[in-house]
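Following numbering that gives the first Met the number 0, the numbering of the sequence shown begins with 0 at its first residue and continues without gaps. Below is one structure, written out as structure tokens; the observations come after it.
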Amino acid sequence: MREPISSYPRVRVQGDGRQVVSQAGAVLLLETVRKTDLDQAISAALVPWRKPRAVHDPGKILLDVAMAVALGGDCLADVAMLRCEPAVFGPVASDPTVSRLIDTLAASGGKALQAVRSARSEVRHRAWSLAGENAPDADGQVTVDLDGVLVIAHSDNQDAAATWKKTYGHHPLTAFVDHGPGGTGEAVATLLRPGNAGSNTAADHITTAQLALAQPPKRYRRGRQTLIRTDSAGGTHDFVSWLTKRGRWLSYSVGMTVTEAIHEHVLKVPASAWTPAVESDGEARDGAWVAELTGKLLNGWPKGMRLIVRRERPHPGAQLRITDADGMRITCFATNTTGRPIAALELRHRLRARTEDRIRNARATGLRNLPLHDTAQNRVWMEIVQIALDLLAWMPMLALTGRARLWEPRRLRFRLFSAAGQLVTTGRRRILRLARHWPWTDKITAALERLALLPDPG
């Protein structure tokens, strides 16, 4: 009988290879850790939780798990991927040791998490300083986007509950620093909440904003150098009032629900008051206009709040809402920013849509599900996810150029981190030789050269 023909070449497989390193491209993350001093900062923060005569440093354990998550892992046991390569990642704790550390940190009552957050803030300052013009604060302002995300639970985790989308799980509130059109973004806060937590709970927005605002350097806590953006879930009296009280150093751009009063007011706006909306290139947007609403509509809201509305022709086939006016799609937001055209303010608010990309990346980096049972344990997991997302944002910011700086985690893993290598020892030096035929080897080596040029910490 004729042997069937396959589309793929047949190779003989043997399990006796030596000095072969999988995930060799992960050295990019390791060098990012070294240059930002992230490992030393977290180790110093977790000294109080290191037991006497412990073999493994708690900071190294936590960072190893974050490294595994950055490489695509979604549970504590995936740290085994690093344990298999001690020549690259060093000694990695066993699964029971990792689990015991998570339990210890979870039992600290939030003190361990606060220590890690303080360390992350310190390192973030250094990372931004190293990035120079590529840093998210290069234009003198930091933009923080708040948004909720649903995390499905596949088991009866603590505090898992039915969500507003009729699923089952948790409803964390997240905050990301926007890197702008030339970069990605950094996770600066997550607030773990039950699945039935409200979308517009002002207290949760305030707590998340406080956690997020503690991350950027302190110099951004004056002169309105920090912008908080949210969707309409943040458009509550309590949250806007809280933002207004910090108005000397904080700007906000908060989506608002189109109420019946706003709807009626829009119908009365004269045609001359509408200004064409603009796009990122500065060109006017055909079929979209913006206007500022004033008068009694602002009664009861904090002083200095401006209400800006956008109307646009819906796309063909789009279904209008009851709050839309005269066949036009209506959206609205509030801000305390003055001295800029309302079309520019509306564009600035609309760019918060990049948060959806950040959330998608977080789902692909450990936030697809919460792997632990207790809420306190999953809070530690959320902190690990944020460290992983920090690394995936800082490495491109410091080492990549051009379009590669925009690559999302999945593309970084497929093209850079998954590169294979051979570890060669010559004398006292160890050399990691990457596969010559791999199309992105040059990008990896060029990125490592850029990292090598950065000053060492200390």
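From the three backbone atoms N, C-alpha and C, an ideal C-beta is built for every residue, glycine too.
Between residue i and residue j, is the Cβ-Cβ spacing less than 8 Å?
i: P370; j: W380; result: yes
i: H279; j: L346; result: In the sequence as displayed, the identity of residue 279 is Ser instead of His. The answer is yes: Cβ separation under 8 Å.
i: N368; j: H153; result: yes
i: V20; j: L431; result: yes
i: V253; j: G233; result: yes
i: L249; j: R223; result: yes
i: G194; j: H169; result: yes
i: L405; j: T364; result: no
i: G24; j: D38; result: no
i: Q214; j: R125; result: no
i: T173; j: A159; result: no
i: G329; j: R312; result: The displayed chain sequence assigns Ile, not Gly, to residue 329. Cβ atoms of I329 and R312: not closer than 8 Å.
i: P201; j: D237; result: Inspection of the sequence shows that residue 201 is occupied by Ala rather than by Pro. In this structure, D237 lies closer than 8 Å to A201 by Cβ.
i: A333; j: L306; result: yes
i: L129; j: L453; result: yes
i: L100; j: N377; result: no
i: L422; j: R428; result: no
i: N133; j: H372; result: no
i: V143; j: T225; result: yes
i: F88; j: T354; result: no
i: R357; j: G108; result: no
i: D136; j: Y219; result: yes
i: L292; j: V308; result: yes
i: R228; j: H348; result: yes
i: V384; j: L399; result: no
i: A387; j: A86; result: no
i: K34; j: L411; result: no
When DSSP labels each residue in this structure, what does residue i get in the three-state scheme?
i: H169; result: strand
i: D285; result: strand
i: M327; result: strand
i: A419; result: coil
i: T337; result: coil
i: D146; result: strand
i: G184; result: strand
i: L190; result: strand
i: V122; result: helix
i: D455; result: coil
i: D389; result: helix
i: T162; result: coil
i: T425; result: strand
i: D177; result: strand
i: L431; result: strand
i: R310; result: strand
Since residue i contacts residue j with CB under 8 Å, what's their CB separation in whole angstroms?
i: A106; j: I60; result: Going by Cβ atoms, the distance from A106 to I60 rounds to 16 Å, so no, they are not a contact pair.
i: V122; j: A40; result: 5 Å
i: L149; j: T162; result: 5 Å
i: M327; j: V239; result: Contact flag wrong, Cβ pair sits at about 26 Å.
i: M80; j: Q22; result: 7 Å
i: V480; j: L62; result: Coverage of the chain is limited to positions 0 through 457, which leaves residue 480 absent and any answer about it impossible.
i: P456; j: D36; result: 4 Å
i: A434; j: T425; result: About 19 Å; that fails the 8 Å criterion.
**Request:** Would you list, in sequence order, the uninterrupted alpha helix (DSSP H) runs of no fewer than 4 residues that lie entirely inside the segment 1-44?
**Result:** 26-35, 37-44
**Prompt:** Does the pairing of the segment 407-420 with the segment 199-211 give three or more beta-carbon distances under 8 Å?
**Reply:** With a cut-off of 8 Å, the segment 199-211 and the segment 407-420 do not count as touching, because too few Cβ pairs lie within range.
**Request:** Assess, as a yes-or-no matter, whether the segment 259-274 is touched by the segment 177-190 under the definition of 3 or more beta carbon pairs within less than 8 Å.
**Result:** no
**Request:** Take every Cβ of the segment 444-454, pair it with every Cβ of the segment 388-404, and state whether three or more of those distances are shorter than 8 Å.
**Result:** A contact exists between the segment 444-454 and the segment 388-404.
**Item:** Uninterrupted beta strand (DSSP E) stretches inside the segment 221-307 (no shorter than 3 residues)
**Value:** 225-229, 249-255, 274-277, 283-292
**Asked** Between the segment 34-53 and the segment 95-111, do at least 3 Cβ pairs fall closer than 8 Å?
**Response** Using a C-beta cut-off of 8 Å, the segment 34-53 makes contact with the segment 95-111, since at least three inter-stretch Cβ pairs fall below that distance.
**Prompt:** Quick one: any contact between the segment 64-76 and the segment 103-118, if contact means 3 or more CB pairs under 8 Å?
**Reply:** no
**Request:** With a floor of 4 residues, list each alpha helix (DSSP H) that falls wholly inside the segment 41-114, ordered by position along the chain.
**Result:** The qualifying runs are 57-69, 79-82, 85-88, 94-105.
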